[in-house]
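Read top to bottom, the protein sequences are chains A and B.
Here my numbering is used: the first residue of the first sequence is -17, the next is one more, and so on.
Here my numbering is used: the first residue of the second sequence is 6, the next is one more, and so on.
Single-structure report; data block below.
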Amino acid sequence: GAVVSQHPSWVICKSGTSVKIECRSLDFQATTMFWYRQFPKQSLMLMATSNEGSKATYEQGVEKDKFLINHASLTLSTLTVTSAHPEDSSFYICSAPIARDTEAFFGQGTRLTVV
Amino acid sequence: QKEVEQNSGPLSVPEGAIASLNCTYSDRVSQSFFWYRQYSGKSPELIMSIYSNGDKEDGRFTAQLNKASQYVSLLIRDSQPSDSATYLCAAYSGYSTLTFGKGTMLLVSP
């Protein structure tokens, strides 16, 4: 399958700081990338859909000013968690379909811990 | 809100048996359906995709789609302990948003 690389795989940050997570499609061009959050023993929750060259579409209840998404190129999307707080500690995962409405491949995920 | 529904399980089967996982979806315009496997602490990995009514087989896995009933299933033959994981059903909505069910935990006992 296609390869999506996510970095970092884990990060610990202090409360009030910002953290940037990168998601790269290594062998295909991703016009769309999905960002998910998963709390322990819970399901994947879609946070937002990013589209290259345009503003991201956020799901209801997700603060766009807190979770900044940038999709500046066809191979890179970033999620920045601004002013992180302990309740933002979670597993963040990106995925990208190889074409519209087709198989989506996941990055390795980023485990964020805010202390 | 377009939804994908799955039983949370756990579904327990003995090694060598057939595991049957089920999923229903609410968005009638959905055309693309997927099964992912997720091990604890890891990100999901794609197992099967299915786009047309009927069965699709890949090794020990068979996906079944019935668009009239809005139903997708995954059969795992000759289940192995290494198949123990959470299985996620996913479908695209009419807005090209990939929505996941809550997942079914499968436990295969030796």
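By construction, the Cβ of each residue, glycine as well, lies at the ideal position given by its N, Cα and C atoms.
If you're wondering where the values come from, they're calculated on a predicted model, not measured in any experiment.
Measuring only the C-alpha atoms, how far is residue i from residue j?
i: T67 of chain B; j: H67 of chain A; result: 43 Å
i: T91 of chain B; j: M110 of chain B; result: 4 Å
i: K32 of chain B; j: E34 of chain A; result: Here residue 32 of chain B turns out to be Asp, not Lys, going by the sequence shown. So the two alpha carbons sit approximately 26 Å from each other.
i: Y30 of chain B; j: T(-1) of chain A; result: 39 Å
i: Q36 of chain B; j: F73 of chain A; result: 29 Å
i: R65 of chain B; j: A24 of chain B; result: 10 Å
i: Y76 of chain B; j: L70 of chain B; result: 6 Å
Could you tell me which chain A residues have their CB closer than 8 Å to the CB of residue i, listed as they occur along the chain?
i: Y97 of chain B; result: D83
Against chain A, with Cβ distances strictly below 8 Å, would residue i count as a contact?
i: K107 of chain B; result: yes
i: T104 of chain B; result: yes
i: E50 of chain B; result: yes
i: F38 of chain B; result: no
i: S54 of chain B; result: yes
If you measure from the beta carbon of residue i to each beta carbon in chain B, is any gap under 8 Å?
i: Q90 of chain A; result: yes
i: S25 of chain A; result: yes
i: F10 of chain A; result: no
i: I75 of chain A; result: yes
i: T13 of chain A; result: no
i: T31 of chain A; result: yes
For residue i, which residues in chain B fall below 7 Å Cβ to Cβ?
i: F16 of chain A; result: L103
i: I3 of chain A; result: Residues of chain B passing the Cβ test: none, with the nearest at roughly 13 Å.
Checking the sheet assignment: what are the DSSP bridge partners for residue i?
i: S54 of chain B; result: B:F39
i: F10 of chain A; result: In the DSSP output, where bridge partners are listed per residue, F10 of chain A has none listed.
i: Q20 of chain A; result: A:F73
i: K61 of chain B; result: B:A68
i: E10 of chain B; result: B:T29
Measure the Cβ-Cβ separation of residue i and residue j and say whether it is below 8 Å.
i: L51 of chain B; j: F87 of chain A; result: yes
i: V9 of chain B; j: A95 of chain B; result: yes
i: G89 of chain A; j: I75 of chain A; result: yes
i: K48 of chain A; j: T64 of chain A; result: yes
i: Y40 of chain A; j: M29 of chain A; result: yes
i: L26 of chain B; j: S78 of chain B; result: yes
i: A78 of chain A; j: V(-14) of chain A; result: yes
Can you name the residues of chain B whose CB is closer than 8 Å to the CB of residue i?
i: L28 of chain A; result: T102, L103, T104, F105
Using a Cβ cut-off of 9 Å, pull out every chain B residue sitting near residue i, in sequence order please.
i: F87 of chain A; result: E50, L51
i: G(-17) of chain A; result: E50, L51
Give the residues of chain A in contact with residue i, contact being defined as C-beta atoms less than 7 Å apart.
i: L26 of chain B; result: Those do not exist, as L26 of chain B stays about 15 Å from chain A at its closest Cβ, beyond 7 Å.
Residues of chain A with CB closer than 9 Å to the CB of residue i, please, in chain order.
i: L93 of chain B; result: S25, L26
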